[in-house]
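Start counting the sequence shown at 22; every next residue gets the next number (the working numbering).
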Amino acid sequence: VVEAGSFLTKLHKQGKLKKDFSPLDLTVGYHTPCHLKALEVGTPLADLLGLIPGLKLERIEKGCSGMAGAFGLADTQFETSLKIGEPLMAEMRRPDLQLGTTECSGCKLQMEQQTTIPTIHPLKLLALCYGYMPEIRRNFSPNTTRRTVRS
Numbered sequence: 022v023v024e025a026g027s028f029l030t031k032l033h034k035q036g037k038l039k040k041d042f043s044p045l046d047l048t049v050g051y052h053t054p055c056h057l058k059a060l061e062v063g064t065p066l067a068d069l070l071g072l073i074p075g076l077k078l079e080r081i082e083k084g085c086s087g088m089a090g091a092f093g094l095a096d097t098q099f100e101t102s103l104k105i106g107e108p109l110m111a112e113m114r115r116p117d118l119q120l121g122t123t124e125c126s127g128c129k130l131q132m133e134q135q136t137t138i139p140t141i142h143p144l145k146l147l148a149l150c151y152g153y154m155p156e157i158r159r160n161f162s163p164n165t166t167r168r169t170v171r172s
């Protein structure tokens, strides 16, 4: 099994990855998920996003999002998960960021419910700039309210 970003980076290094990306004028906050750190493969998709003309990628390295797998979903751990993720969320609330990106759907959930900016997978940004998935542009609009669910 090979992580998707590692696979695409290998293609890029072999000269087999197309680089005819459409420009994307956005400032995007990138969060490296814990599971990717554990794989010790670096941040291959973030590196590839750097090839997109106009895209300004801000690496937000402020620790765990707090989700920690299913931990943050547990009713008894939810508030703790928010505290764990607060350093990351504070950075993700910067007014210059228009979008968040991360490989982890758990981190995405936490990032979206604690900020007003949408978060999408880096592969979707690459797909968009290759001319695929134009429908994801509608996800670029900021939310006006947080979507935190509390009991």
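All C-beta atoms, glycine included, are put in the ideal place defined by N, C-alpha and C.
Which residues DSSP lists as bridging residue i, in chain order
i, result
"Y51", "R80, T122"
"I141", "T122"
Sub-8 Å separation of residue i and residue j beta-carbons
i, j, result
"Q131", "G106", "yes"
"G121", "T97", "no"
"E133", "T123", "no"
"C125", "C85", "no"
"L144", "A25", "yes"
"K83", "L109", "yes"
Element boundaries [alpha helix (DSSP H), containing residue i]
i, result
"S102", "99-113"
> Do three or more CB pairs link the region 41-56 to the region 65-76 at distances below 8 Å?
Replying inline: yes
> Any chance the region 48-62 sits against the region 112-120, with 3 or more Cβ pairs inside 8 Å?
Replying inline: yes
> Along the chain, which unbroken stretches of the beta strand (DSSP E) at least 3 residues long are found entirely within the region 23-72?
Replying inline: 48-51
>> Can you confirm whether the region 77-90 touches the region 30-41 when touching is taken to mean that 3 or more C-beta pairs between the two stretches lie within less than 8 Å?
In response: no
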